[in-house]
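J.: Let me give you the structure first, and then I'll get to my questions.
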Amino acid sequence: MARVLVIDDDDMIREVAGLSLSLLGGHEVVEASGGLAGVEAARSAPPDAILLDVMMPDLDGPGTLALLQADPVTTVVPVVFLTAKVLRAEVERLQALGARGVIAKPFDPVALAPELGRLLGW
């Protein structure tokens with residue numbers, strides 16, 4: 002069982018992802034409603050992985066990823082982005098920033114945990 006931090010400003014996305022990852026994937030899920038809160042949560046108790054929304058009002062996904070990568074406590078935590086923009090150029094841009102992968106929104110709740118596991122090699 003892994004500990005997964007879900008960072009997304011959309012309450013429904015966090016709820017569905019959390020239920021999917023916990024009930025179907027057997028993971029412990031921690032939620033944060035924005036980039037800054039997510040960075041703080043990751044620093045205080047580093048998760049095994051982070052599922053990170055790209056577009057958020059307080060700090061976007063790439064900005065959040067940069068802060069996580071700059072911190073020695075969280076730099077090794079793998080990050081997978083969640084986004085509705087899954088054109089190849091956007092996926093490649095996000096992966097070039099250091100993301101382990103990209104999962105398209107809306108996602109299939111039944112497939113979320115297996116897809117996260119596949120991207121992270123679990």
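First residue of the sequence shown? That's 2 in this note's numbering, and the numbers climb one at a time after it. Quick reminder that beta carbons are idealized off the backbone N, C-alpha and C, glycines included. Just so it is clear, the structure is predicted and the values come from calculations on it, not from any experiment.
#1: Between Ile8 and Ala50, is the Cβ-Cβ spacing less than 9 angstroms?
#2: Quick check: the region 81 to 101 against the region 28 to 42, are there 3 or more CB pairs under 8 angstroms?
#3: According to DSSP, is Asp54 part of a helix, a strand, or is it coil?
#4: Looking at Pro48: is its Cβ nearer than 9 angstroms to the Cβ of Ala3?
#5: Would you mind listing the beta strand (DSSP E) stretches within the region 82 to 107 that are 3+ residues and don't spill past its ends, in chain order?
T.: The answer reads as follows:
#1: Counting from 1 along the sequence shown, the entry for residue 8 is found at position 7. Counting from 1 along the sequence shown, the entry for residue 50 is found at position 49. Against a cut-off of 9 angstroms, the Cβ pair of Ala50 and Ile8 comes out as no contact.
#2: Result no; under three Cβ-Cβ pairs closer than 8 angstroms.
#3: Along the sequence shown, read from residue 1 onward, the residue named residue 54 stands at position 53. Strand.
#4: Locating residue 48 in the sequence shown gives position 47, where the first residue counts as 1. Locating residue 3 in the sequence shown gives position 2, where the first residue counts as 1. Going by C-beta atoms, Pro48 is nearer than 9 angstroms to Ala3.
#5: Segments of the beta strand (DSSP E) lying fully in the region 82 to 107: 102 to 105.
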